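Report on one structure; see the data block that follows.
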Amino acid sequence: MPQYYNDEQLTKGLVSIMSGVMDSVAQKLLDLLADDAGLIDTIIYQANSPKAYARQGDSGGLLGMWEKKPLKSSGRGISYQIYADSDLLSHDPDDFIHGSNYWIGGDDIRDMLIDLVAGGGSGPLFGSGFWTAARDFWTPFLEMLENGTVNKILESEFKKRGIVYIKV
0 MPQYYNDEQL
10 TKGLVSIMSG
20 VMDSVAQKLL
30 DLLADDAGLI
40 DTIIYQANSP
50 KAYARQGDSG
60 GLLGMWEKKP
70 LKSSGRGISY
80 QIYADSDLLS
90 HDPDDFIHGS
100 NYWIGGDDIR
110 DMLIDLVAGG
120 GSGPLFGSGF
130 WTAARDFWTP
140 FLEMLENGTV
150 NKILESEFKK
160 RGIVYIKV
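Right, here's the structure in full:
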């Protein structure tokens with residue numbers, strides 16, 4: 000167990016521990032959202048498979064567009080951000096991958112993909128089907144953030160580091 004001899008050393012030690020905890024928590028939340036058995040895979044990918052194009056998965060598809068931003072630390076504050084980067088999505092409108100040459104308003108839907116999938120949107124070219132049904136992965140993810148899941152992850156990460164976590 001480390002020893003600290005002044006406030007500066009203690010603060011530095013605690014920030015280091017918290018950085019590790021927050022990195023782990025952010026990674027676990029990212030996994031719950033976009034891992035092979037995460038919400039996106041379960042709610043979207045396992046719903047059905049398209050016939051007009053090949054899904055890109057974690058190599059240019061919806062699963063692979065999620066990132067956690069590098070640690071941001073200022074003083075004693077530590078934060079992470081999980082975000083979707085539409086530039087990581089493949090784009091081939093000739094093969095209907097995240098776009099179409101027939102889409103009104105341009106051939107690239109990468110910036111709209113999350114809203115289209117979660118809300119159940121599509122262009123008229125392929126009619127209706129499973130791809131036009133809402134496949135909302137956001138609501139269950141947000142519910143996890145509020146239902147105690149994050150507290151359980153935090154408690155586990157603190158325990159791994161020998162620190163008792165008490166939610167006040």
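Numbering (numbering that gives the first Met the number 0), first residue to last: 0 to 167. Glycine included, every Cβ here is placed at the ideal spot set by N, Cα and C. In this text, all values refer to a predicted model and were calculated from it rather than measured experimentally.
Hey, out of the options, whose CA is closest to residue i's CA?
i: Asn47; options: Leu38, Pro123, Asp110 and Trp130; result: Trp130
i: Glu156; options: Glu7, Val20 and Gln26; result: Val20
i: Leu124; options: Trp102, Ser58 and Pro92; result: Trp102
i: Val116; options: Asp34, Lys68 and Tyr44; result: Tyr44
i: Pro49; options: Val24, Gly128 and Leu29; result: Gly128
i: Lys159; options: Tyr4, Val149 and Ile16; result: Ile16
i: Gln80; options: Asp22, Ser73, Arg54 and Phe136; result: Asp22
i: Trp137; options: Lys151, Ser73 and Leu32; result: Leu32
Output yes or no for whether 7 Å exceeds the beta carbon distance between residue i and residue j.
i: Ile42; j: Arg134; result: yes
i: Ala132; j: Gly118; result: no
i: Ile96; j: Tyr52; result: yes
Let me confirm a value: residue i is counted as buried when at least 16 other C-beta atoms fall within 10 Å, else exposed. Which label applies?
i: Lys12; result: Reading off the sequence shown, one finds Gly at residue 12, where the question assumed Lys. When all chains shown are included, Gly12 counts as exposed.
i: Gln210; result: The chain is shown only over 0 to 167; residue 210 falls outside these bounds and no answer can be derived.
i: Gln210; result: Residue 210 lies beyond the stretch modelled for the chain, which goes from 0 to 167, so this question has no answer here.
i: Ala36; result: exposed
To the nearest whole angstrom, what separates the beta carbons of residue i and residue j, a pair I think is in contact under 8 Å?
i: Gln26; j: Lys67; result: 7 Å
i: Gly59; j: Ser89; result: 3 Å
| field | the region 49–67 touching the region 139–155, judged by at least three CB pairs closer than 8 Å | value | no
| Are the region 76–84 and the region 98–109 in contact at 8 Å, needing three or more beta carbon pairs? | no
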